[in-house]
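Trainee:
2 protein chains.
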Amino acid sequence: MVGLEGSRDVAWRAFITAHALVIERIERELADAGLPPLGWYDVLLELSVAPGRRLRMHELARAVVLSRSGLTRLVDRLERASLLRREPDPADRRGSFAVLTDEGAAVRERMWPVYARGIAEHFGKHLGDEEVEVLTGALKRVLGAAREV
Amino acid sequence: MVGLEGSRDVAWRAFITAHALVIERIERELADAGLPPLGWYDVLLELSVAPGRRLRMHELARAVVLSRSGLTRLVDRLERASLLRREPDPADRRGSFAVLTDEGAAVRERMWPVYARGIAEHFGKHLGDEEVEVLTGALKRVLGAAREV
DNA sequence: ATACACTAGTTGCTAATGCAACAAAAAAAG
DNA sequence: CTTTTTTTGTTGCATTAGCAACTAGTGTAT
């Protein structure tokens, strides 16, 4: 018995390997274009769509699937680059908001074309419309279940 | 324009977020069971199914989607744990094989039940049979394309 | 009110990863 | 052949991530 005989295990293997390969390609394309890595994009995007362009640190950590300490450091880097700033939460003196700056929004907008091209070229291009629907539905279910725990 | 409006971009977002969450869960379950991390499993599995239980370093790096330097260090750790050993390649004096040991095979077999349960619980359980087929087909296409480059 | 438990965020530490540079060998070009 | 280019694997270095421990503030129970 060597593991991975079941059809779900084969799907899993395809899932993680495709992920690793495509991320590797896209990260390289961003780096080659002189742009920040994907982790930065995730933070900037979450802040972009958040009300008031701000999120509490723990909300942001959860949104981008990072440990609290990992997020502290990531936000440090983004703050040093002036792409966001920390602001105290008047309603809870323990916590702070991460607030998107205009410069942060601008950087996200400069990243998006490169990122979008990578997604299309290495991912979207190879999927039929029907497959996209199935994939989205299935993975959102997986995602929802994993978030609940 | 905030990015991620197209249906393929939504699918991509679900893809990477589901990946991050499920991997996080499974890594924790392995750690809680006192077992090595997923990266070790990948190496042990590739060697298990390779002819002669051996692969050249660069083949292994490609198989587990890791940089050459990353693989050098990962193999260092596995070799220190006696789960594999390096052997020179008589046909090419630059290179070496990574060869699975019996102990390495045994450790992989001890990891598999925990890993399999994680895959089922956090991934497979939420997918219908039809979805599994679509997912596998689609992702294998993505994977093949990314490998070609 | 006071004690107790929990949550938020940061820090020190360690582990893991990629890039660039390197040495050695092989392969290709001439 | 001899020279040049490429491949293979390792190393130094810098970056990034998580865990455990800590501080500070909040919430809850008695």
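Here the protein sequences line up with chains A and B, keeping their order.
Mapping the first sequence onto this note's numbering, position 11 (from 1) lands on 21, and the numbers just tick up by one.
Mapping the second sequence onto this note's numbering, position 25 (from 1) lands on 35, and the numbers just tick up by one.
Each residue gets a CB set at the ideal place from its N, CA and C atoms; glycine is no exception.
(1) Can you give the Cα-Cα distance for W122/B and H132/A, rounded to whole angstroms?
(2) What do you get for H136/A, buried or exposed, if any count of 16 or more other CB atoms within 10 angstroms of its CB means buried?
(3) For D19/A, which residues in chain B fall below 8 Å Cβ to Cβ?
(4) Using the beta-carbon of each residue, which ones in chain A are nearer than 7 Å to L149/B?
(5) According to DSSP, simplified to helix, strand and coil, what is A115/A?
(6) Assign H29/B to buried or exposed, taking buried as 16 or more other Cβ atoms, counted over all protein chains shown, within 10 Å of its Cβ.
(7) With C-beta atoms as the reference, is A108/B less than 9 Å away from L55/B?
(8) Thinking just about the alpha-carbon of each residue, which of V152/B, V59/B, V53/B is nearest to the one in R83/B?
(9) In whole angstroms, give me the CA-to-CA distance for V161/A and L65/B.
(10) How long is the line joining the alpha carbons of G16/A and W22/A, rounded to whole angstroms?
(11) Using a Cβ cut-off of 8 Å, pull out every chain B residue sitting near S137/A, in sequence order please.
(12) Say whether the stretch 110 to 130 of chain A touches the stretch 86 to 99 of chain A, bearing in mind that this needs 3 or more beta-carbon pairs closer than 8 Å, one atom from each stretch.
(13) Would you call V85/A buried or exposed, if buried means 16 or more other Cβ atoms sit within 10 Å of its Cβ?
(14) Please list, in chain order, all residues of the same chain as A156/A whose beta carbon is under 8 Å from its beta carbon, the five residues on each side excluded.
(15) Run through chain A and tell me which residues come within less than 8 Å of E39/B, C-beta to C-beta.
(16) Whose C-beta lies closer than 8 Å to the C-beta of R120/A among residues of the same chain, with five residues either side of it excluded?
(17) Once DSSP output is grouped into helix, strand and coil, what is the label at F133/B?
(18) Can you grab the Cα-Cα spacing for the pair R78/A / L31/B, in whole Å?
(19) Is it buried or exposed for A116/B, if we count other Cβ within 10 angstroms and need 16 for buried?
Mentor: This is what the structure gives:
(1) For the purposes of this step, residue 122/B is taken as the residue at position 112 of the second sequence. For the purposes of this step, residue 132/A is taken as the residue at position 122 of the first sequence. Each residue's alpha carbon lies about 30 Å from the other.
(2) Counting from 1 along the first sequence, the entry for residue 136/A is found at position 126. When all chains shown are included, H136/A counts as buried.
(3) Translated into positions along the first sequence, residue 19/A becomes position 9. Those within 8 Å of D19/A in chain B are A126, I129, G134.
(4) Taking the second sequence and counting its residues from 1, one reaches residue 149/B at position 139. By Cβ distance, chain A contributes A24, F25, A28.
(5) Counted from its first residue, the first sequence places residue 115/A at position 105. Residue state, collapsed to three classes: helix.
(6) Counting from 1 along the second sequence, the entry for residue 29/B is found at position 19. That one is buried.
(7) Locating residue 108/B in the second sequence gives position 98, counting from the first residue. Locating residue 55/B in the second sequence gives position 45, counting from the first residue. No.
(8) What you label residue 83/B is simply residue 73 of the second sequence in a count that begins at 1. When only C-alpha atoms are compared, the closest one is V53/B.
(9) Absent from the structure is residue 161/A, since the part of chain A shown begins at 11 and ends at 159.
(10) Along the first sequence, one-based indexing puts residue 16/A at 6. Along the first sequence, one-based indexing puts residue 22/A at 12. Going from the Cα of G16/A to the Cα of W22/A covers about 10 Å.
(11) Within the first sequence, residue 137/A is the residue found at index 127, counting from 1. Reading the sequence as shown, one finds Leu at residue 137/A and not Ser. Residues of chain B passing the Cβ test: R18, A21, A148, R151, V152.
(12) yes
(13) Walking along the first sequence from the start, residue 85/A turns up at place 75. Flag for V85/A reads buried.
(14) Walking along the first sequence from the start, residue 156/A turns up at place 146. There are no such residues.
(15) As a working mapping, residue 39/B is identified with position 29 in the second sequence. Those do not exist, as E39/B stays about 11 Å from chain A at its closest Cβ, beyond 8 Å.
(16) On the first sequence, residue 120/A is found 110 positions in, with the first residue counted as 1. Excluding positions up to five away in sequence, the list reads L45.
(17) Position 123 of the second sequence, counted from the first residue, corresponds to residue 133/B. Three-state result, F133/B: coil.
(18) Looking up residue 78/A in the first sequence gives position 68. Looking up residue 31/B in the second sequence gives position 21. Distance between the alpha carbons of R78/A and L31/B: 15 Å.
(19) Walking along the second sequence from the start, residue 116/B turns up at place 106. Exposed: under 16 other Cβ atoms inside 10 Å.
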